[in-house]
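In our numbering, the protein residues as written are 1 to 411.
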């Protein structure tokens, strides 16, 4: 009987060859296809023709942290506990970033394989995810390496399983708001495949480009052409590659004026209940808000005791641009969310609308392109492509099935 590993109630076969799972942050369907049509992505074309070209759904909210953690644990947020980039901790009565491993409630697939004796690697673009994605890895074992592009120059043997990363990759530390941040991830992945040869590796990029431009633009095609080359290099090294995305992306601006389309929920709840009585939380919030101004299509609302939730939901549902308005219980059931990490109400917006708190709380001065963002159901559909043929792929594919697809479904 072949060796297998069980993590969070799911069983994964031992890698048949070095296996790479890639999260292409913000990659809605269309980016890869348009780059192929432009003649810029021959390896992506080969993957789709000779391997597998599928679609999957992300978790909601369709934000970076909850989806990366769903991918790396194989389970929705109700299991791993990461329901956003940012949340209101009712116990401490503070708004906090959810990037500390103390918030993680489930082991990662990388950790489980590592504990079973596998060599594992992880490279993420932004450092906000590094500790969560690499949680539980033992670097002293010599079988684990994990670092971020953003802080590649700070990596040490003790904390990352590797030092001198900049020299190892052969590229300088990139600017956090650049395509280079993602390129560093792939360049590092190739170097690790050549030298470290992990059994299992996870590569996670940033959606800087997708926030700026849509599919088919020169900037987007250049970006995916770059990725194409690195994936082809890993393929030549014998890797099994399966790529998906954490979420899609949509225009969230007026097509004529190019101004952001925003529903300011905190302003409305202040009018309905009194200033500050309710607390609107935008889980898209993270340290990197320049390209989206903390405006996304998912919000939670903490309402005061005694407030009429049914009446408030009815008011929210009447707002033009609101897609769904749900109670906490309804949202947890529909989206698989942890009740203690979201508010009393959950609101999602339609395809071209975002949700904000109040105008004065959003600094949009850094937007150098019309707003594109994500978070709702309209950004849930994502690609899943592989460089090998697949068998027995489950129906109702989710992006967090990607490790199962890579390990259990390769023909």
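Even glycine gets a Cβ: it sits at the ideal position worked out from N, Cα and C.
Asked, Found
"What whole-angstrom Cβ distance do residue 370 and residue 253 have, given they're in contact under 8 Å?", "4 Å"
"Report the residue from 222, 197, 263 and 187 whose alpha carbon sits nearest the alpha carbon of residue 230.", "187"
"Among 351, 352, 343 and 242, which has the Cα closest to the Cα of residue 401?", "242"
"Among the residues of its own chain, which have a CB less than 6 Å from the CB of residue 238, if the five just before and after it don't count?", "17"
"Check residue 64 in the structure and name its three-state DSSP category.", "helix"
"So, using beta-carbon positions, are residue 62 and residue 380 closer together than 8 Å?", "yes"
"Classify residue 96: buried if its beta carbon has 16 or more other beta carbons within 10 angstroms, exposed otherwise.", "exposed"
"Excluding the 5 residues flanking residue 213 on each side, which residues of the same chain have their C-beta closer than 6 Å to its C-beta?", "219 and 220"
"How is residue 402 classed by DSSP in three states: helix, strand or coil?", "helix"
"Assuming residue 201 is part of the alpha helix (DSSP H), what are its boundary residues?", "Premise fails: residue 201 lies in the beta strand (DSSP E), 200-204, not in any alpha helix (DSSP H)."
"With 16 as the cutoff for other CB atoms within 10 Å, does residue 394 come out buried or exposed?", "exposed"
"Alpha carbon to alpha carbon, how far is residue 271 from residue 409? Give it in angstroms, no decimals.", "53 Å"
"Once you ignore the five residues that flank residue 434 on each side, which residues in its own chain have a CB closer than 6 Å to its CB?", "Limits of the chain in this structure are 1 at one end and 411 at the other, which puts residue 434 out of reach."
"Are the CB atoms of residue 354 and residue 260 nearer to each other than 8 Å?", "yes"
"Give me the Cβ distance between residue 146 and residue 122, rounded to the nearest whole Å; I'm assuming they're in contact under 8 Å.", "4 Å"
"Thinking C-beta only, is residue 247 closer than 8 Å to residue 53?", "no"
"Look at residue 383 and residue 58 and say whether their C-beta atoms are less than 8 Å apart.", "no"
"Do the segment 302-312 and the segment 333-352 make contact, defined as three or more Cβ pairs closer than 8 Å?", "yes"
"Taking only beta-carbon positions, decide if residue 284 is within less than 8 Å of chain C.", "No chain C is part of this structure, which consists of one protein chain only."
"To the nearest angstrom, how far is the alpha carbon of residue 124 from that of residue 35?", "23 Å"
"If distances are taken between C-alpha atoms only, which option among 31, 360 and 8 comes closest to residue 216?", "31"
"Whose C-beta lies closer than 7 Å to the C-beta of residue 359 among residues of the same chain, with five residues either side of it excluded?", "264"
"Starting from the Cα of residue 356, find the closest Cα among 321, 365 and 282 and give me that residue.", "282"
"Relative to the alpha-carbon of residue 273, which residue among 315, 285 and 234 has its alpha-carbon at the smallest distance?", "315"
"Within 10 Å of its beta-carbon, does residue 396 have 16 or more other beta-carbons around it, so buried, or fewer, so exposed?", "exposed"
"Candidates 278, 178, 195 and 111: which alpha carbon is nearest residue 223's?", "178"
"Going by alpha carbons, who is nearest to residue 398 out of 55, 133 and 51?", "55"
"Name the two residues that bound the continuous beta strand (DSSP E) containing residue 415.", "With the chain represented from 1 up to 411, any question about residue 415 goes unanswered, as that position is not in the structure."
"Taking the Cβ atom as the reference point for each residue, do residue 109 and residue 161 lie within a distance shorter than 8 Å?", "no"
"Between which two residues does the beta strand (DSSP E) harbouring residue 156 extend?", "Element bounds for residue 156: n/a, residue is neither H nor E."
"With a threshold of 7 Å on Cβ separation, who are the neighbours of residue 41 within its own chain once the five nearest residues in sequence on each side are excluded?", "32, 35, 224, 225 and 228"
"Taking C-alpha atoms, which residue in 169, 182, 365 and 137 lies nearest to residue 194?", "169"
"Is it buried or exposed for residue 277, if we count other Cβ within 10 angstroms and need 16 for buried?", "exposed"
"In the structure shown, what three-state DSSP assignment does residue 19 receive?", "strand"
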